[in-house]
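So the structure is just underneath, and the comments pick up after that.
In mature numbering (1 follows the signal peptide of the UniProt record, and there is no 0), the protein residues as written are -21 to -1, 1 to 166.
Now the structure itself:
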């Protein structure tokens, strides 16, 4: 019995260490906005995979590499880029699914004795859903993303690379884009 007690006591001491040794966890952001415009009109703007710069204020330009790959150039310092791949475009359900394939490295720091890149956004394995549906005589636009933070190693995490930094960055992208889409569509 004494050995069993010692085993459980040791296990209880190790458990907190194992929990803190865990890498990143999958994060999710979802933003929704009501737009006083016909869903078909809003969907026509949103579904244009080569036209994100027409309604998102952070995007300077969109270049289509092929019908399913776009390169976004952002308006921020150094004009970083994001390459995205269209997984699905469903006109009947007014929904698209896409993912980030590649991003610019905006800077590199040395952290824990190794070079650590900072990408355009502090996310990794990013996948997004963008949909439009009829609601209350207008449109409900929903933008949802699932992702990990970009720093995939165990803690400690470099400044600006934590889970919350990733969530905050994507939330900012979604809210600024949806608010501008609303302003454009309701003119």
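The beta-carbon is built from N, C-alpha and C at its ideal position, and this holds for glycine as well.
Proximal residues to residue -5 (C-beta, below 8 angstroms), its chain only, five neighbours per side dropped: Working through the chain shown from its first residue, we reach residue -5 at position 17. With a pLDDT of only 45 at residue -5, under the threshold of 50, the placement of this residue in the model should not be trusted; the figure read from the coordinates follows. Cβ within range, chain order: n/a, list empty.
Cutoff 7 angstroms; reference residue 41; Cβ partners in own chain excluding five residues on either side: Along the chain shown, one-based indexing puts residue 41 at 62. Answer for residue 41: 29, 30, 31, 32, 49, 51, listed in chain order.
Closest by C-alpha distance to residue 64, when choosing among 78, 54, 74: Against the chain shown, residue 64 aligns to sequence position 85. Comparing Cα positions, the closest option is 78.
Residue 149 vs residue 8 beta-carbon contact at 8 angstroms: Here residue 149 is taken as the residue at index 170 of the chain shown, counted from 1. Here residue 8 is taken as the residue at index 29 of the chain shown, counted from 1. Result yes, Cβ atoms of residue 149 and residue 8 sit closer than 8 angstroms.
Bridge partners - residue 117, DSSP secondary structure assignment: As a working note, residue 117 is residue 138 in the chain shown. Paired residues: 114.
Terminal residues of the alpha helix (DSSP H) in which residue 144 lies: Along the chain shown, read from residue 1 onward, the residue named residue 144 stands at position 165. In the DSSP annotation of this structure, the continuous segment of the alpha helix (DSSP H) that includes residue 144 starts and ends at 142 to 164.
Three-state class that DSSP yields for residue 22 in the structure shown: Along the chain shown, read from residue 1 onward, the residue named residue 22 stands at position 43. If DSSP states are grouped into helix, strand and coil, residue 22 belongs with the helices.
Nonlocal neighbours in the same chain, by C-beta distance under 6 angstroms from residue 176, ignoring five residues either side: Since the first residue of the chain shown is -21 and the last is 166, residue 176 is not available in this structure.
Within-8 angstroms CB hit, residue 32 to chain B: No chain B is part of this structure, which consists of one protein chain only.
Distance CB(residue 99)-CB(residue 83) smaller than 8 angstroms: Taking the first residue of the chain shown as 1, we reach residue 99 at position 120. Taking the first residue of the chain shown as 1, we reach residue 83 at position 104. The answer is yes: Cβ separation under 8 angstroms.
Pick from 126, 23, 136, 13 that is closest to residue 70, judged by C-alpha positions: One-based indexing of the chain shown puts residue 70 at position 91. Ranking the options by Cα distance to residue 70, first place goes to 23.
CB contact flag (residue 130, residue 140, <8 angstroms): In the chain shown, residue 130 corresponds to position 151, counting from 1. In the chain shown, residue 140 corresponds to position 161, counting from 1. Their beta carbons are under 8 angstroms apart, which means residue 130 touches residue 140 by this criterion.
CB of residue 127 within 8 angstroms of CB of residue 103, strictly: The sequence position of residue 127 within the chain shown is 148, counting from 1. The sequence position of residue 103 within the chain shown is 124, counting from 1. Result yes, Cβ atoms of residue 127 and residue 103 sit closer than 8 angstroms.
Inter-residue CB distance, residue 101 and residue 85 (contact presumed, cutoff 8 angstroms): Within the chain shown, residue 101 is the residue found at index 122, counting from 1. Within the chain shown, residue 85 is the residue found at index 106, counting from 1. Contact flag wrong, Cβ pair sits at about 10 angstroms.
Cα-Cα separation, residue 80 to residue 134: Here residue 80 refers to the residue found at position 101 when the chain shown is read from its first residue. Here residue 134 refers to the residue found at position 155 when the chain shown is read from its first residue. For residue 80 and residue 134, the distance between alpha carbons rounds to 25 angstroms.
Helix, strand or coil at residue 33 according to DSSP, with G and I counted as helix: Taking the first residue of the chain shown as 1, we reach residue 33 at position 54. Secondary structure at residue 33: helix, using DSSP grouped into helix, strand and coil.
Own chain residues within Cβ distance below 6 angstroms of residue 136, not counting five before or after: Translated into positions along the chain shown, residue 136 becomes position 157. These residues qualify, in order along the chain: 130.
Nearest residue (CA-CA) to residue 125, options 132, 55, 153, 157: In the chain shown, counting from the first residue as 1, residue 125 sits at position 146. Cα-wise, what sits closest to residue 125 is 153.
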